[in-house]
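In the working numbering, the protein residues as written are 57 to 253. Just so it is clear, CB atoms sit at the ideal spot from N, CA and C, and this is done for glycine as well. No experiment lies behind these values; they were computed from the predicted model shown.
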């Protein structure tokens, strides 16, 4: 399954806003220049991979469950960690925030593909479940194990490695009336999220 992640564009104003550096901040120009330095490093280190699959008999209330996994690869986090170790804290923070922004845009692309697939199959969906957030953490390993080619693993505490990775589960049934997988900030419980729009 192929996804076109080359269309992802990172907006520097969104990244800077996420780290509380708006245009009226006295260090805005300095941080913006650091963003310009950091962005090529990110682009040369990101290695996006993603996959999803329709599976039977996972979530008991639904005949099918979509398992989804995506990752930026390990180099992005390694470089971010290296910046922090070297005392380049703003570059480390920018690298980490750019990665979050990229991962969220990957999420949107994958969910759009899943939505199109569900329309073709004439099925409805639940909202996405996120292991350790909206569904039990043990599902994290089940999802990761389904996609060994993506080279993502799960720690004993159910964290993902590489860190900049994401898993989701979606219940699927012909009896569900709508496809309900797009993120909606208005109904999200994370009211202080830095990405909230």
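(message) Quick check for students: name the residue ranges of the beta strand (DSSP E) that lie wholly in the stretch 115–195, counting only runs of 3 or more.
(response) 120–127
(message) For residue 254, count the other beta carbons within 10 Å of its own beta carbon; 16 or more makes it buried, fewer makes it exposed. Which is it?
(response) Absent from the structure is residue 254, since the part of the chain shown begins at 57 and ends at 253.
(message) Starting from residue 69, trace the alpha helix (DSSP H) in both directions and tell me its first and last residue.
(response) Here residue 69 refers to the residue found at position 13 when the chain shown is read from its first residue. Per DSSP, residue 69 belongs to the alpha helix (DSSP H) from 68–74.
(request) Measure the beta-carbon distance from residue 126 to residue 221 and round it to whole angstroms, keeping in mind my assumption that it falls under 8 angstroms. (result) For the purposes of this step, residue 126 is taken as the residue at position 70 of the chain shown. For the purposes of this step, residue 221 is taken as the residue at position 165 of the chain shown. Going by Cβ atoms, the distance from residue 126 to residue 221 rounds to 7 angstroms, so yes, they are a contact pair.
(request) Give a yes or no on whether the C-beta atoms belonging to residue 158 and residue 102 are separated by under 8 angstroms. (result) Translated into the one-based positions of the chain shown, residue 158 becomes position 102. Translated into the one-based positions of the chain shown, residue 102 becomes position 46. Going by C-beta atoms, residue 158 is nearer than 8 angstroms to residue 102.
(request) Inspect the beta-carbon positions of residue 194 and residue 109 and report whether they are closer than 8 angstroms. (result) Within the chain shown, residue 194 is the residue found at index 138, counting from 1. Within the chain shown, residue 109 is the residue found at index 53, counting from 1. Between residue 194 and residue 109, the gap from beta carbon to beta carbon reaches 8 angstroms or more.
(request) Assess, as a yes-or-no matter, whether the stretch 60–73 is touched by the stretch 150–164 under the definition of 3 or more beta carbon pairs within less than 8 angstroms. (result) With a cut-off of 8 angstroms, the stretch 60–73 and the stretch 150–164 count as touching, because enough Cβ pairs lie within range.
(message) Tell me the residue span of the alpha helix (DSSP H) that contains residue 87.
(response) Counting from 1 along the chain shown, the entry for residue 87 is found at position 31. Per DSSP, residue 87 belongs to the alpha helix (DSSP H) from 84–101.
(request) Quick one: residues in its chain with C-beta nearer than 7 angstroms to the C-beta of residue 95, no 5 flanking neighbours on either side, listed in chain order? (result) Against the chain shown, residue 95 aligns to sequence position 39. Result list for residue 95: 66 and 154, in chain order.
(request) Could you check how far apart the C-beta atoms of residue 227 and residue 121 are, in whole angstroms? I think they sit under 8 angstroms. (result) Along the chain shown, one-based indexing puts residue 227 at 171. Along the chain shown, one-based indexing puts residue 121 at 65. With a Cβ gap of about 6 angstroms, residue 227 and residue 121 count as contacting.
(message) Looking only at its chain, what residues have a beta carbon closer than 8 angstroms to the beta carbon of residue 178, apart from the 5 residues adjacent to it on each side?
(response) The residue labelled residue 178 in the question sits at position 122 within the chain shown. Within the same chain, residue 178 has close Cβ partners 230.
(message) Do residue 235 and residue 175 count as a contact pair if the criterion is CB distance below 8 angstroms?
(response) Walking along the chain shown from the start, residue 175 turns up at place 119. Walking along the chain shown from the start, residue 235 turns up at place 179. Contact flag set, yes.
(request) Return the chain-ordered list of same chain residues with a C-beta closer than 7 angstroms to the C-beta of residue 210, the five sequence neighbours on each side being excluded. (result) Translated into positions along the chain shown, residue 210 becomes position 154. Taken in chain order, the residues that qualify are 196, 197, 200 and 216.
(request) Would you kindly check if the distance between the Cβ of residue 91 and the Cβ of residue 132 is under 8 angstroms? (result) Within the chain shown, the letter at position 76 stands for residue 132. Within the chain shown, the letter at position 35 stands for residue 91. No, Cβ-Cβ distance for residue 132 and residue 91 is not below 8 angstroms.
(message) Per DSSP, what are the beta-bridge partners of residue 109 in this structure?
(response) Translated into the one-based positions of the chain shown, residue 109 becomes position 53. Answer by DSSP bridge pairing, in chain order: 123.
(message) DSSP has residue 216 in a bridge; who is on the other side?
(response) Within the chain shown, residue 216 is the residue found at index 160, counting from 1. In the DSSP output, where bridge partners are listed per residue, residue 216 has 210.
(request) Could you pull out every residue in the same chain whose Cβ sits closer than 6 angstroms to the Cβ of residue 57, ignoring the five residues on either side in sequence? (result) On the chain shown, position 1 is the one that residue 57 refers to. Contacts found: 107.
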